[in-house]
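Take a look at the structure set out below.
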Amino acid sequence: MSISNAMQTGVSGLQANSTRVGRISDNIANANTDGYRRTFAQMVTSTSSNANGFAPAGVQAVQGAEIVKEGSLRPTSGATDLAIGGPGFFVVSKNPNDPAESNYSLTRAGAFQPDENGNLRNAAGLYLAGFPYDSSGTLGTVNRTGFGDLETVNVGSFTLPGEATSAMSLSGNLPAQETGLATPGAPFVSSAQFFSPLGAADQMRLSWQPSATPNQWDLTISDAAGTSYGTVTVDFHDSGALAGAPLAYSNITNTAPAPANFAFNPATGVATLTINNGAVPQVIDLTIGAPGSHDGITQFAGDYSAPRYETDGFQTGTLVRAEIDERGDVFGIFDNGGRKLLYNIPLAEVTNPNGLLAQDGNAYTLSRDSGPMELGTASSGSTGKIVSGALESSNVEVAQELTDLIQTQRAYSSNAKIITTVDEMLDETMRLKR
Numbered sequence: 015m016s017i018s019n020a021m022q023t024g025v026s027g028l029q030a031n032s033t034r035v036g037r038i039s040d041n042i043a044n045a046n047t048d049g050y051r052r053t054f055a056q057m058v059t060s061t062s063s064n065a066n067g068f069a070p071a072g073v074q075a076v077q078g079a080e081i082v083k084e085g086s087l088r089p090t091s092g093a094t095d096l097a098i099g100g101p102g103f104f105v106v107s108k109n110p111n112d113p114a115e116s117n118y119s120l121t122r123a124g125a126f127q128p129d130e131n132g133n134l135r136n137a138a139g140l141y142l143a144g145f146p147y148d149s150s151g152t153l154g155t156v157n158r159t160g161f162g163d164l165e166t167v168n169v170g171s172f173t174l175p176g177e178a179t180s181a182m183s184l185s186g187n188l189p190a191q192e193t194g195l196a197t198p199g200a201p202f203v204s205s206a207q208f209f210s211p212l213g214a215a216d217q218m219r220l221s222w223q224p225s226a227t228p229n230q231w232d233l234t235i236s237d238a239a240g241t242s243y244g245t246v247t248v249d250f251h252d253s254g255a256l257a258g259a260p261l262a263y264s265n266i267t268n269t270a271p272a273p274a275n276f277a278f279n280p281a282t283g284v285a286t287l288t289i290n291n292g293a294v295p296q297v298i299d300l301t302i303g304a305p306g307s308h309d310g311i312t313q314f315a316g317d318y319s320a321p322r323y324e325t326d327g328f329q330t331g332t333l334v335r336a337e338i339d340e341r342g343d344v345f346g347i348f349d350n351g352g353r354k355l356l357y358n359i360p361l362a363e364v365t366n367p368n369g370l371l372a373q374d375g376n377a378y379t380l381s382r383d384s385g386p387m388e389l390g391t392a393s394s395g396s397t398g399k400i401v402s403g404a405l406e407s408s409n410v411e412v413a414q415e416l417t418d419l420i421q422t423q424r425a426y427s428s429n430a431k432i433i434t435t436v437d438e439m440l441d442e443t444m445r446l447k448r
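Going by the working numbering, the first residue of the sequence shown is number 15, and it counts up by one from there.
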């Protein structure tokens, strides 16, 4: 190697170590960046060819990233803060529901918060993408090798349509000592809420009038305005194993104005009410309690126990919050108590994550080195799980980076010394002529 080649070797060392310092600086600067992946510059020998074969020509820095290495998870108070436990990446886009697949990228930075329109967006301004569920709660057939079937996850623009009540049941206790009196007392009245086909809440009233006959009550069912649907007499067992349970139903009377109607099945203890609240009247089955059963209304001595009603259906609701499980399913929680599947957040997997290309915003795009992508379901197969209310920290070890910085600084100084030494040698060579 000539003196000039030695100088070039020193220059290559300066350039390579400068590159390495740049990578170390990036790592230290991003030590607290959520989902950041450490980058590095690996030193590789550079050779040149001449008539005598290969000769050393210095060193060069080959840049890479430790994308596969995971950072630690830390809990947060945000329900839409998401982390990934295991392999996989969130799919994000530059714009909500971006039609250009080239604007989609992958990230592990999951600090997602709703924007002014309810779209989930992370700190870098990238929007979270997911597969939408249909009204029946199914995904259907989706393309898992591209971004075309994805939509931006939105948690701010949903309503849950109401569902009409079709069945109700009650349970409670009537005080036995109130029956059999010469002058019976006032009726015991309670209200039950049900829901119309339009999702509106309505009321029906049940009035239990004690009879002068022991263990007998007259039940009247009416609407919120007091208009009676019908009446039925209920007798209760007063002894034996069935004491307190309904014995028989009799005197069934329909008083509902048409097209409303009242019917009662004495064998099952079920009242069928036809409510005149639309072009097609609403039909509700109200279970009072089968004869010989303690599952519905009962009569025992003691205090009156107001009936507890179980009702299907619900009124129209608006979204109040979202919950995300480890499979990436986004559930909408509504103010009417309803719960509905909204989206499934897939996790992208590639053959070689370290071959992804880094982009602004702590995101990555596919490359030839990364291999093909597939959108998997979280917590299935080799795909990691989604952790709600947590964020993934950077995988940078600051102590290691500072140690590498010291080593790189020494290496840079040593290469600089090569150049100054060669300069002195060249100067000495020039003096031979004098």
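C-beta atoms are modelled at their ideal positions from N, C-alpha and C, and glycine is treated no differently.
Relative to the C-alpha of Q74, which candidate in G398, A336, T33 has its C-alpha closest? Numbered from its first residue, the sequence shown carries residue 74 at position 60. When each option's Cα is compared against that of Q74, the closest is T33.
Count the other C-beta atoms from every protein chain shown that fall within 10 angstroms of the C-beta of A413, then say buried if there are 16 or more, exposed otherwise. For this step, residue 413 is matched to residue 399 along the sequence shown. Counting Cβ neighbours within 10 Å, A413 comes out exposed, since fewer than 16 surround it.
Between the alpha carbons of G132 and S204, how many angstroms are there, rounded? Translated into the one-based positions of the sequence shown, residue 132 becomes position 118. Translated into the one-based positions of the sequence shown, residue 204 becomes position 190. About 41 Å.
Tell me the DSSP secondary structure of A206 in three-state form. Position 192 of the sequence shown, counting from 1, holds the residue named residue 206. A206: strand per DSSP, three-state reduction.
So which of L287, A206, G258 has the shortest CA-CA distance to P14? With the chain covering 15 to 448 only, the question about residue 14 has no answer from this structure.
In chain order, what residues of the same chain lie with their CB nearer than 7 Å to the CB of D343, ignoring the 5 residues before and after it? Working through the sequence shown from its first residue, we reach residue 343 at position 329. Apart from the 5 residues on each side of it in sequence, D343 sits with its Cβ closer than 7 Å to the Cβ of L355, N358 in its chain, given in chain order.
Continuous beta strand (DSSP E) assignments of at least 3 residues falling wholly in the region 288-372: Annotation: the region 288-372 contains the following complete segments of the beta strand (DSSP E) (minimum length 3 residues), in chain order: 296-301, 311-314, 319-325, 331-338, 343-348, 353-358, 361-364.
Would you decide whether Y147 is buried or exposed? Buried here means 16 or more other CB atoms lie within 10 Å of its CB. In the sequence shown, counting from the first residue as 1, residue 147 sits at position 133. Buried, because 16 or more other Cβ atoms sit within 10 Å of the Cβ of Y147.
For M182: DSSP bridge partner residues: In the sequence shown, the residue the question calls residue 182 occupies position 168. Beta-bridge pairing links M182 to L300, T325.
Cβ separation of T245 and T269, assumed to be a contact under 8 Å, to the nearest whole Å: For the purposes of this step, residue 245 is taken as residue 231 along the sequence shown, with counting starting at 1. For the purposes of this step, residue 269 is taken as residue 255 along the sequence shown, with counting starting at 1. Between T269 and T245 the Cβ distance is about 7 Å, and since that is below 8 Å, they are a contact.
Let me check understanding here. Comparing Cα to Cα, which of E442, M444, E406 lies closest to T47? For the purposes of this step, residue 47 is identified with residue 33 of the sequence shown, where counting begins at 1. Selected option, being the one with the closest Cα: E406.
Using 8 Å as the threshold, is the C-beta distance between T121 and A377 below it? In the sequence shown, residue 121 corresponds to position 107, counting from 1. In the sequence shown, residue 377 corresponds to position 363, counting from 1. Yes, Cβ-Cβ distance for T121 and A377 is below 8 Å.
Provide the residue(s) that pair with K399 in DSSP beta bridges, ordered along the chain. Walking along the sequence shown from the start, residue 399 turns up at place 385. G99, per the DSSP bridge assignment.
If F314 sits next to N229, beta carbons under 8 Å apart, how far is it from one beta carbon to the other, in whole angstroms? The residue labelled residue 314 in the question sits at position 300 within the sequence shown. The residue labelled residue 229 in the question sits at position 215 within the sequence shown. Incorrect: roughly 11 Å between the Cβ atoms, too far for contact.
With a threshold of 8 Å on Cβ separation, who are the neighbours of P175 within its own chain once the five nearest residues in sequence on each side are excluded? Taking the first residue of the sequence shown as 1, we reach residue 175 at position 161. The answer, listed in chain order, is G213, T330.
If you drop the 5 nearest sequence neighbours on each side, which residues of the same chain put their C-beta closer than 6 Å to that of R335? One-based indexing of the sequence shown puts residue 335 at position 321. Correct list, in chain order: I347.
E442, enclosing alpha helix (DSSP H) - first and last residue: Translated into the one-based positions of the sequence shown, residue 442 becomes position 428. Taken as a continuous stretch (DSSP letters only), the alpha helix (DSSP H) holding E442 covers 412-445.
Per DSSP, cross-strand counterpart(s) of D249: Counting from one through the sequence shown, the residue named residue 249 turns up at place 235. Partner(s): Q230, A262.
Do you know offhand how far E388's Cα is from V105's? Here residue 388 is taken as the residue at index 374 of the sequence shown, counted from 1. Here residue 105 is taken as the residue at index 91 of the sequence shown, counted from 1. C-alpha separation (whole angstroms): 11 Å.
Cβ pair L134, V169 closer than 8 Å: Walking along the sequence shown from the start, residue 134 turns up at place 120. Walking along the sequence shown from the start, residue 169 turns up at place 155. Taking 8 Å as the Cβ cut-off, L134 and V169 qualify as a contacting pair.
Hey, would you say I432 sits closer than 8 Å to A20, going by beta carbons? For the purposes of this step, residue 432 is taken as the residue at position 418 of the sequence shown. For the purposes of this step, residue 20 is taken as the residue at position 6 of the sequence shown. Their beta carbons are under 8 Å apart, which means I432 touches A20 by this criterion.
Is the beta carbon of T301 sitting closer than 8 Å to the one on G283? For the purposes of this step, residue 301 is identified with residue 287 of the sequence shown, where counting begins at 1. For the purposes of this step, residue 283 is identified with residue 269 of the sequence shown, where counting begins at 1. Yes, they are a contact pair.
By the DSSP assignment, the alpha helix (DSSP H) with L28 in it spans what residues? Position 14 of the sequence shown, counting from 1, holds the residue named residue 28. Element bounds for L28: 17-43.
In chain order, what residues of the same chain lie with their CB nearer than 6 Å to the CB of T247, ignoring the 5 residues before and after it? As a first step, residue 247 must be located in the sequence shown, where it is residue number 233. For T247, where only same-chain residues beyond five positions count, the Cβ hits under 6 Å are D232, S264, N265.
Around the Cβ of E442, are there at least 16 other Cβ atoms within 10 angstroms (buried) or fewer (exposed)? Counting from one through the sequence shown, the residue named residue 442 turns up at place 428. Exposed, because fewer than 16 other Cβ atoms sit within 10 Å of the Cβ of E442.
I'd like to check one pair, A45 with S12: are the Cβ atoms closer than 8 Å? Residue 12 falls outside the range modelled here, since the chain spans only 15 to 448, and no answer is possible.
Buried versus exposed call for R322 [16 or more other C-beta atoms within 10 Å across all chains shown]: What you label residue 322 is simply residue 308 of the sequence shown in a count that begins at 1. By the neighbour-count rule (16 or more Cβ atoms within 10 Å), R322 is not buried but exposed.
Which residues does DSSP list as the beta-bridge partners of F104? Here the question's residue 104 lines up with position 90 in the sequence shown. DSSP lists T121 as partners of F104.
Which whole-angstrom value describes the C-beta separation of F145 and T179, a residue pair presumed to lie in contact below a C-beta threshold of 8 Å? Reading the sequence shown from its first residue, position 131 is the one you call residue 145. Reading the sequence shown from its first residue, position 165 is the one you call residue 179. In fact, because the Cβ distance is near 32 Å, the residues do not count as touching under 8 Å.
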